[in-house]
Amino acid sequence: MYIDRYKYFRDTQLWPLSDNLNYEQWLANFCDDELEIAQRILDFFIYIPDSIINQMLSTVIGKCGYYFKRQRGAWTNNDYQNNCWYSFVPGEEQKPTDSGYVFNRKLRDKLEIPEKRIISFSDLLLILSQSTNQNVILVDDFVGSGHQTYVAWKLNKQDSNQTLEIISRTNNHKIVYAPLIVNHMGYNTISSDCKGLGLTFIHLLDTQYSLFDQNCLCWEGDINIYHKAVDLMLNKSKMLGIPFTNGRCVTDVRGYKEQGLALAFEHGMPDACPPIFYWETENWKPLIKKVYSRY
376 MYIDRYKYFR DTQLWPLSDN LNYEQWLANF CDDELEIAQR ILDFFIYIPD SIINQMLSTV
436 IGKCGYYFKR QRGAWTNNDY QNNCWYSFVP GEEQKPTDSG YVFNRKLRDK LEIPEKRIIS
496 FSDLLLILSQ STNQNVILVD DFVGSGHQTY VAWKLNKQDS NQTLEIISRT NNHKIVYAPL
556 IVNHMGYNTI SSDCKGLGLT FIHLLDTQYS LFDQNCLCWE GDINIYHKAV DLMLNKSKML
616 GIPFTNGRCV TDVRGYKEQG LALAFEHGMP DACPPIFYWE TENWKPLIKK VYSRY
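If you want this note's numbering, it's the position in the sequence shown, counting the first as 1, plus 375.
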């Protein structure tokens, strides 16, 4: 039953070709008596292809217009191109593979946002420090713990010598953060610790999306399957040398901050996911390649 569904997902391109998501080689990591749980986990796994990402991005940008209209009292479709800056929340160690660069290109190519309106985070801070009453949309695919957002809002000064929070409040800017998917942990962090930063999104994930929560939708209320699955994931991780750090490490056995999500975008997998999905050794083949970090 499971295998037929996976083949259907691939045939209809909901899942990509095996080079990008190889469920056969990942399932081959498990023994026969482990396959039922491995297949259940795989069936729960969420993969978002580029076509759906583009549609989600268009939708969330559209929702930002309602935010500005509430804040400013007026907003038109022309303001998306002529009266708004676009940037993204940078990683603590900025890399060319960061998802923000992917989204900058999508803004330009898919939504026809003028390139001059799409700027780096450091340029954004400088422009906002020298102006007033600007509108800003920060794009992203995923928010996990919310730590990077907190750092970008309250701590990151770069060349402007002021944080985005201070500049926004002092110069009356309206800034909305617009990720596609937000985990409950990140939502709580932004809501409580990033006052003044607007937040809009497409999907909010609650605790039921964590594989390490006994109420996870994957286990369908069966506590015995839950315990067997957790034992399997932890034992396999120990065998592979995946670190047990209580969530402090981005490659922690349960994912960063122990978020335990089973989620990937076509351009990569967040750190909120357990490494068992992307770990690669001579004796363990990954389900998907992990090419960027997003907490």
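In this text, a Cβ means the ideal position worked out from N, Cα and C, and glycines have one as well.
In the DSSP assignment, H559 falls within the alpha helix (DSSP H) that extends over 559 to 568.
The beta carbon of F478 sits closer than 8 Å to the beta carbons of L432, F463, V514, D515, D516 from its chain, once the five residues preceding and following it are set aside; these are given in chain order. For F496, the enclosing alpha helix (DSSP H) starts and ends at 496 to 504. CA-CA distance, A403 to V526, rounds to 40 Å. The straight-line gap separating the alpha-carbon atoms of F652 and D498 is approximately 36 Å.
By the Cβ neighbour-count rule, M614 is exposed, with fewer than 16 other Cβ atoms within 10 Å of its own. Just measuring C-alpha positions, the residue of L572, L580, G571, I421 sitting nearest H559 is L580. For W528, the uninterrupted alpha helix (DSSP H) run begins and ends at 522 to 529, by DSSP.
The C-beta distance from W654 to I598 rounds to 27 Å, too long to fall under 8 Å, and the pair is not in contact. For the options G521, D646, S426, S612, the alpha carbon positioned closest to that of T656 is the one of S612. Here W654 carries a coil assignment [DSSP, helix/strand/coil].
The Cβ atoms of I428 and K491 lie no closer than 9 Å to each other. Linking V605 to L500 through their CA atoms gives a straight-line distance of about 44 Å. Between the segment 412 to 419 and the segment 579 to 593, the count of Cβ pairs shorter than 8 Å is three or higher; the stretches touch.
In the structure shown, S585 falls within a coil segment according to DSSP collapsed to helix, strand and coil.
A residue is called buried once 16 or more other Cβ atoms fall within 10 Å of its Cβ, and S567, having fewer, is exposed. In the structure shown, the three-state DSSP call for V477 is helix. For L555, the secondary structure class from DSSP, reduced to helix, strand or coil, is strand. Contact between G519 and S585 does not hold, since their C-beta atoms are separated by about 11 Å, which reaches or exceeds 8 Å. If you draw a straight line from the Cα of A553 to the Cα of I577, it comes to about 9 Å.
In terms of Cα proximity to K438, the closest of S426, T575, D534 is T575. Going by C-alpha positions, V551 is about 10 Å away from Y461. In the three-state reduction of the DSSP assignment, H602 falls in the helix class, which pools H, G and I. When the alpha-carbon of N536 is set against those of D646, K664, D627, S504, the nearest one is in S504.
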